[in-house]
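This report refers to the structure that appears directly beneath it.
Protein chains in written order, with our numbering: chain A, 1 to 263; chain B, 264 to 584.
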């Protein structure tokens with residue numbers, strides 16, 4: 001099971017950088033509903049490897065606009081975006097239509113959507129426009145991963161086939177290749193080891209951890225929790241033994257920093 | 264005089280193909296360079312549904328450029344206000360303002376391409392009202408963020424002055440039109456209650472510092488190619504009063520000649536002299552239009568260095584007249 005970190009609103013860039021430094025696979029970015037791509041872009045510039053799971057709330061704008069935001073973010077991050085699509089205040093039918101159009105706008109096919117909530121193109125009188133549009137730029141990834149959350153996420157997932165973020169271990173579907181999950185740490189090492197192990201046993205594949213102060217907590221998570229769920233019967237002695245002494249330097253033959261490390 | 268550079272459109276075009284993510288990587292590299300060289304602003308541009316990936320999400324691109332810089336302002340020139348929900352734009356503007364320590368500036372335009380209105384389900388006739396709604400929402404959420412409007416119509420520019428909004432002119436405008444527009448903007452501001460400081464007038468200008476005749480020829484090609492792009496997008500300037508029409512669809516060659524005719528290409532002294540004339544046409548801030556079709560990043564960095572080192576110091580204290 002892979003472990004990621006939930007960032008706090010306004011702290012995404014620094015916390016994503018800390019998560020990457022300590023080997024977390026990704027960060028869950030969930031600022032105010034309308035500003036996910038803005039926060040995601042800030043985190044993208046401070047990292048080069050970590051995945052950016054960005055909460056995208058349906059209903060705050062046209063699904064094509066949400067797709068454009070995600071595609072631009074996927075280009076800024078060179079293909080590291082996962083969209084955590086939140087059904088927000090939409091009912092199942094509305095969420096289904098918005099997600100359908102969002103997905104269509106993220107593919108390399110032209111878009112033509114005639115639904116109850118949206119018509120793309122709208123075919124409005126007086127417009128000299130074609131019968132379909134090409135939403136550009138395309139995401140870098142072959143297929144931008146979609147995870148679901150929100151009030152009608154479970155029903156939507158059943159209809160659309162996308163994985164649903166599990167909030168409790170029994171909600172995990174161990175037959176899925178990807179089963180994302182979210183949990184809050186207590187800060188007590190033993191109970192947190194038990195917590196992540198329970199999620200691993202339940203079949204979660206990507207567990208996003210919430211803590212009070214991610215930058216302070218991430219070294220503890222990297223040393224004690226990520227290894228704990230990286231193999232059966234993890235030999236804890238390798239985590240609990242002394243930390244090797246750091247190299248005193250000075251560095252005379254410095255290698256170039258990675259692109260994401262600068263700025 | 265303040266100095267910016269633009270327009271970053273994040274394209275991968277038929278004549279200058281590149282990986283789409285390269286455009287965004289270079290944006291960050293360019294932003295860091297502008298910041299280091301002491302430029303005041305970087306300007307982004309928006310379109311939708313165009314084959315070359317022309318950036319459709321300026322708040323996202325601006326967030327990235329702001330995150331990698333310390334003093335540089337990042338502005339939208341222009342964000343197409345009717346294409347985004349007013350509440351979302353207001354929340355994004357406030358977030359960019361707070362995250363950057365007040366370095367985000369919002370330029371908004373109406374848009375002109377039918378395919379963009381139709382793709383977003385926005386009736387063209389609602390575009391003015393939608394921009395008004397967007398500006399109200401932005402003003403409520405982030406009143407400190409400078410707002411810029413763009414137009415080549417004196418009455419629209421006068422209205423912008425009355426509402427204490429800055430204006431950014433197209434680089435294709437001849438200086439005679441720039442003068443008329445600037446007069447209109449000042450008239451508008453003088454008819455306001457004056458409770459806010461006079462908003463600034465900025466102009467994109469096609470500028471390049473070089474002594475090399477081969478480079479000059481290449482730059483002329485680049486400016487020309489950059490306006491062929493507008494022909495592809497269907498942009499035109501209507502004939503108004505004494506201002507001749509610039510129709511990239513009907514009269515491509517004439518429009519290209521007119522647009523490229525505004526360029527100042529030459530040694531630093533010639534560029535300085537040309538920019539004095541721009542200030543005399545009422546312009547407070549110049550946005551160097553150097554990110555143009557055909558110009559490789561190395562050439563853009565070269566000219567950004569030369570402008571910062573040889574041109575900007577001579578004009579810092581120049582004021583618009």
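We treat Cβ as the ideally placed atom computed from N, Cα and C, and that holds for glycine.
CA-to-CA distance, residue j to residue i, given in whole angstroms
i	j	result
residue 521 of chain B	residue 274 of chain B	24 Å
residue 188 of chain A	residue 25 of chain A	22 Å
residue 424 of chain B	residue 535 of chain B	27 Å
residue 246 of chain A	residue 5 of chain A	26 Å
residue 454 of chain B	residue 447 of chain B	11 Å
residue 212 of chain A	residue 482 of chain B	54 Å
residue 157 of chain A	residue 70 of chain A	20 Å
residue 62 of chain A	residue 163 of chain A	23 Å
residue 79 of chain A	residue 121 of chain A	27 Å
residue 139 of chain A	residue 40 of chain A	15 Å
residue 442 of chain B	residue 321 of chain B	30 Å
residue 551 of chain B	residue 570 of chain B	9 Å
residue 126 of chain A	residue 98 of chain A	26 Å
residue 142 of chain A	residue 86 of chain A	22 Å
residue 47 of chain A	residue 285 of chain B	16 Å
residue 373 of chain B	residue 348 of chain B	14 Å
residue 9 of chain A	residue 451 of chain B	41 Å
residue 560 of chain B	residue 56 of chain A	33 Å
residue 337 of chain B	residue 196 of chain A	42 Å
residue 269 of chain A	residue 145 of chain A	With chain A running from 1 to 263 in the structure shown, residue 269 of chain A is simply not present.
residue 255 of chain A	residue 49 of chain A	18 Å
residue 584 of chain B	residue 461 of chain B	14 Å
residue 352 of chain B	residue 343 of chain B	11 Å
Amino acids of chain A, ordered along the chain, whose beta-carbon sits closer than 9 Å to that of residue i
i	result
residue 406 of chain B	Under the 9 Å cutoff, chain A gives no residues; its nearest Cβ is about 18 Å from residue 406 of chain B.
residue 258 of chain B	Here chain B comprises residues numbered 264 to 584, so residue 258 of chain B is not present and cannot be evaluated.
residue 280 of chain B	Simply none; closest approach about 13 Å.
Same chain, Cβ closer than 8 Å to residue i, neighbours up to 5 away in sequence not counted
i	result
residue 498 of chain B	375 and 511
residue 170 of chain A	202
Partners in chain A for residue i, counting only beta-carbon separations shorter than 8 Å
i	result
residue 323 of chain B	37, 38, 40, 41, 69, 72, 73 and 76
residue 345 of chain B	Those do not exist, as residue 345 of chain B stays about 11 Å from chain A at its closest Cβ, beyond 8 Å.
Cβ-based neighbour list, residue i, same chain, cut-off 6 Å, excluding 5 preceding and 5 following
i	result
residue 174 of chain A	203
residue 264 of chain A	Nothing about residue 264 of chain A can be read from this structure; chain A reaches only from 1 to 263.
residue 528 of chain B	471, 479 and 482
Residues of its chain near residue i, where Cβ-Cβ distance is below 7 Å and the 5 sequence neighbours each way are ignored
i	result
residue 215 of chain A	14, 15 and 18
residue 383 of chain B	346
residue 568 of chain B	300
residue 463 of chain B	429, 547 and 548
residue 239 of chain A	223, 224 and 227
residue 459 of chain B	427
residue 355 of chain B	322
residue 66 of chain A	56 and 102
residue 334 of chain B	298
Where residue i meets chain A, residues with beta-carbon distance less than 7 Å
i	result
residue 362 of chain B	42
residue 318 of chain B	72
residue 287 of chain B	75 and 76
residue 355 of chain B	34, 35 and 38
residue 326 of chain B	38, 41 and 42
Selection from the options that minimises the alpha carbon distance to residue i
i	options	result
residue 241 of chain A	A:253, A:64, A:254 and A:224	A:224
residue 540 of chain B	B:552, B:553, B:525 and B:450	B:525
residue 543 of chain B	B:426, B:466, B:306 and B:421	B:466
residue 201 of chain A	A:210, A:233 and A:209	A:233
residue 487 of chain B	B:508, B:457, B:459 and B:518	B:518
residue 331 of chain B	B:533, B:572 and B:296	B:296
residue 150 of chain A	A:84, A:177 and A:131	A:84
residue 290 of chain B	B:325, B:277, B:398 and B:279	B:325
residue 558 of chain B	B:395, B:381, B:283 and B:484	B:484
residue 394 of chain B	B:413, B:407 and B:381	B:413
Closer than 9 Å at the beta carbon, the chain B residues around residue i
i	result
residue 126 of chain A	377, 386, 387 and 388
residue 46 of chain A	330 and 331
residue 114 of chain A	Those within 9 Å of residue 114 of chain A in chain B number zero; the least Cβ separation is about 12 Å.
Supposed contact pair residue j and residue i - C-beta distance, whole angstroms, cut 8 Å
i	j	result
residue 341 of chain B	residue 378 of chain B	At roughly 18 Å, the Cβ-Cβ gap does not stay under 8 Å, so residue 341 of chain B and residue 378 of chain B are not in contact.
residue 329 of chain B	residue 363 of chain B	4 Å
residue 74 of chain A	residue 64 of chain A	At roughly 15 Å, the Cβ-Cβ gap does not stay under 8 Å, so residue 74 of chain A and residue 64 of chain A are not in contact.
residue 432 of chain B	residue 76 of chain A	Not confirmed; about 29 Å, so no contact.
residue 268 of chain B	residue 523 of chain B	So it is not a contact: roughly 19 Å between Cβ atoms.
residue 317 of chain B	residue 134 of chain A	Actually they do not touch by this definition, with Cβ atoms about 11 Å apart.
Chain B contact residues for residue i, given Cβ-Cβ distances below 8 Å
i	result
residue 60 of chain A	348, 350 and 351
residue 123 of chain A	381
residue 130 of chain A	378
Residue i: contacting residues in chain B (beta-carbon distance under 7 Å)
i	result
residue 155 of chain A	The contacting residues do not exist; residue 155 of chain A stays about 26 Å from chain B at best.
residue 135 of chain A	312
residue 119 of chain A	384
Beta-carbon neighbours of residue i, restricted to chain E and to distances below 7 Å
i	result
residue 13 of chain A	Included in the structure are the protein chains A and B, with no chain E among them.
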